[in-house]
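Student:
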Amino acid sequence: MHLKQGSNYKFRVSFKVQHEIVTGLKFTTKVSKMGVNMSNDNIVLGSYAPQSDTHNFEFPRNDWLETPSGMMARGNYTAKCQFSDGNNVQHIDYSYPVKIIK
Numbered sequence: 317m318h319l320k321q322g323s324n325y326k327f328r329v330s331f332k333v334q335h336e337i338v339t340g341l342k343f344t345t346k347v348s349k350m351g352v353n354m355s356n357d358n359i360v361l362g363s364y365a366p367q368s369d370t371h372n373f374e375f376p377r378n379d380w381l382e383t384p385s386g387m388m389a390r391g392n393y394t395a396k397c398q399f400s401d402g403n404n405v406q407h408i409d410y411s412y413p414v415k416i417i418k
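For the sequence shown, this note's numbering gives the first residue as 317, with consecutive numbering after it.
1) Report back the beta-carbon spacing between Met354 and Tyr393 to the nearest angstrom; my notes put them in contact at under 8 Å.
2) Quick one: complete alpha helix (DSSP H) runs, 4+ long, within the region 340–366?
3) Using 10 angstroms around the beta-carbon of Lys341, count the other beta-carbons present and answer buried if the total reaches 16, otherwise exposed.
4) For Lys332, collect the residues of the same chain with a Cβ closer than 6 Å to its Cβ; drop the 5 residues on either side in sequence, then sort them by chain order.
Right, here's the structure in full:
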């Protein structure tokens with residue numbers, strides 16, 4: 317994913333819950349550049365019952381995040397995301413590359 321420096325963005329996550337109630341669902345994201353941790357976010361999404369409809373979550377809810385700007389901020393980043401619940405069960409873990417461009 318490519319993002320322009322100084323641009324505004326949000327995360328939107330859609331998911332379904334099947335079989336059992338998920339209590340205390342938590343979304344954790346860590347962003348690093350060249351192995352150095354740049355930011356951590358831990359967001360409690362709440363508890364969800366099984367249903368056929370998709371749940372949607374947007375972060376931040378009311379505001380926007382801004383990509384860093386400047387020559388030192390440009391480059392390649394790695395974002396690692398994880399969904400876990402109140403019992404410390406890890407439901408999904410994934411990462412994706414982000415490139416900040418001019």
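Note that CB positions come from ideal geometry on N, CA and C, so glycine has one too.
Tutor: Put simply:
1) Met354 to Tyr393, Cβ: 7 Å. Contact.
2) Not a single unbroken stretch of the alpha helix (DSSP H) spanning 4 or more residues falls wholly within the region 340–366.
3) In the sequence as displayed, the identity of residue 341 is Leu instead of Lys. Per the 10 Å Cβ criterion, buried.
4) These residues qualify, in order along the chain: Thr370.
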